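Be aware that the sequence shown starts at 220, since it is given in our numbering, and climbs by one per residue. Accompanying notes for the structure given below.
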Amino acid sequence: MRRRLRSGRPLLGAWCVIPDSFTAELIGRAGYDWACLDMQHGMIREEHLGTMLQALQLTGTPALVRVPWNEPGRLMKALDAGAEGVIVPMIDSPDDAERAVQACRYPPAGNRSWGPIRAALGVADYSPATANESVVVTLMIETVGAVQTLDQILSVPGVDAVYVGPQDLSLTHGLRPTPTATEPEHIELIQTILEACGRHEVVPGLFCGDLESATEWRRRGFRLTNILSDSQLLRQGAAHQVQSLAQVELGQLKTSTEEIRR
220 MRRRLRSGRP LLGAWCVIPD SFTAELIGRA GYDWACLDMQ HGMIREEHLG TMLQALQLTG
280 TPALVRVPWN EPGRLMKALD AGAEGVIVPM IDSPDDAERA VQACRYPPAG NRSWGPIRAA
340 LGVADYSPAT ANESVVVTLM IETVGAVQTL DQILSVPGVD AVYVGPQDLS LTHGLRPTPT
400 ATEPEHIELI QTILEACGRH EVVPGLFCGD LESATEWRRR GFRLTNILSD SQLLRQGAAH
460 QVQSLAQVEL GQLKTSTEEI RR
């Protein structure tokens, strides 16, 4: 994942909430640049992580895990299971950022406990130093406190990227929660975060609600984006098929009726 970040190009991610390794493999084979396993709002639990990470690794897709909360044990568990990085929600202060970074890196850079039960499998040169260099720490910026202390948060050593949670960002600022920013204040907040990332050389990321918003924000400079989740893609694809068939059959029925009338 870090190598892909260093490429400088925009990276399209998949957002996995379905707790199933076969679904993860299908996502991995679709051609995404990276994938997130969502343990915060998705149905994925710790017992699913190992096989889902194996499935993504099989396809060569770098995997990040969004943990439920900024808790050291959760972060370490995800990394020990083989995640290449973590996404940490609801960061509200520089202290929160420091706590997350510390839990993801071995001493002396942090306080991560040694026990890479799966992360080290097949990695001949796995060591605290190589792990510290490769793990990607991504912080979610989505609260009033985070926006107010944005420069301090992004100045914390070891912060590699941020991910904007547009719905919590709007909700915490008294706006209507929506995955696609349409209100001027919401757009301005996201733009402020993007510009701060540029000042601090931190990779900016954003959850996008549709193709149009992803295209626009990527044009503005967001380098990590995703469009909907696997469950949303499945639901929309299934609904589209049902509706398309109904429209075709309705069209055929109209044609048949017109022919009878003639």
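Note that CB positions come from ideal geometry on N, CA and C, so glycine has one too. Every value quoted in this text rests on a predicted model; they were computed, and no experiment measured them.
Sequence-distant residues of the same chain with beta carbon closer than 8 Å to residue i, five excluded per side
i, result
"Thr411", "Val366, Leu369"
"Gly417", "Pro423, Gly440"
"Gln276", "Ala282, Gly301"
"Cys255", "Gly232, Ala233, Trp234, Cys235, Ala282, Leu283, Val284, Arg285, Ile306, Asn445"
"Ala319", "Asn289, Leu294, Val305, Val307, Ile310, Val356, Leu358"
"Ile409", "Val383, Pro385, Leu388, Ala400, Leu425, Trp436"
"Phe241", "Ala274"
"Ala339", "Tyr345"
First and last residue of the uninterrupted beta strand (DSSP E) at residue i
i, result
"Phe441", "Element bounds for Phe441: n/a, residue is neither H nor E."
"Arg285", "282-285"
"Thr357", "355-360"
"Val305", "304-310"
"Ala254", "253-257"
"Gly232", "230-235"
Best match in the options for proximity to residue i [C-alpha to C-alpha]
i, options, result
"Arg285", "Ile336, Asp239, Gly384, Ser374", "Gly384"
"Tyr325", "Trp288, Asp315, Pro308, Leu294", "Leu294"
"Pro398", "His392, Ala254, Arg439, Asp429", "Asp429"
"Ala433", "Arg222, Leu230, Ser226, Arg221", "Leu230"
"Ser226", "Ala400, Leu340, Gly341, Arg442", "Arg442"
"Ile263", "Gly279, Ile246, Asp239", "Asp239"
"Arg222", "Thr280, Ile237, Glu265, Glu468", "Thr280"
"Ser353", "Val378, Glu361, Gln371, Leu373", "Val378"
"Leu413", "Thr242, Glu361, Gln471", "Glu361"
"Gly261", "Leu464, Leu447, Gln273", "Leu447"
"Ala415", "Gln371, Ala465, Gly470, Gln259", "Gln371"
"Arg228", "Ala465, Arg438, Gly393", "Arg438"
6 Å Cβ shell around residue i - same chain, five flanking residues per side excluded
i, result
"Glu317", "Val375"
"Leu224", "Val422"
"Tyr382", "Ile306, Thr357, Met359, Gly424"
"Trp436", "Leu425"
"His419", "Leu373"
Residue span of the alpha helix (DSSP H) that contains residue i, given as start and end
i, result
"Val320", "313-323"
"Pro385", "385-391"
"Met295", "291-299"
"Thr270", "265-278"
"Gly428", "Neither: Gly428 is in no alpha helix (DSSP H) and is coded neither H nor E."
"His405", "403-419"
Neighbourhood of residue i by C-beta distance below 7 Å, restricted to the same chain and skipping five residues each side
i, result
"Leu496", "A query on residue 496 cannot be resolved here, the shown segment of the chain reaching from 220 to 481 and no further."
"Arg337", "Gly269, Asp299, Ala300, Gly301"
"Thr278", "Glu244, Gly247, Arg248"
"Gly291", "Here residue 291 is Pro; the residue named in the question, Gly, does not match the sequence. If we look at Pro291 and ignore the five residues flanking it on each side, its Cβ neighbours are Ala322."
CB-CB length for residue i against residue j, believed under 8 Å
i, j, result
"Ala380", "Val363", "Contact flag wrong, Cβ pair sits at about 21 Å."
"Trp288", "Pro313", "At roughly 18 Å, the Cβ-Cβ gap does not stay under 8 Å, so Trp288 and Pro313 are not in contact."
"Gly496", "Gln321", "This structure cannot speak to residue 496, because the chain is shown only from 220 to 481."
"Ile237", "Ser450", "6 Å"
Residue i beta carbon near the ligand GDP (any heavy atom closer than 8 Å)
i, result
"Gln321", "This structure simply doesn't include the ligand GDP, nor any ligand for that matter."
Check whether the segment 269-280 and the segment 301-310 touch, using three or more Cβ-Cβ pairs below 8 Å as the test. yes
Can we say the segment 402-409 touches the segment 340-347, given the rule of at least three CB pairs closer than 8 Å? no
Using 8 Å as the cut-off, can you tell me whether the segment 250-266 makes contact with the segment 457-469, which would need three or more C-beta pairs spanning the two stretches below that distance? no
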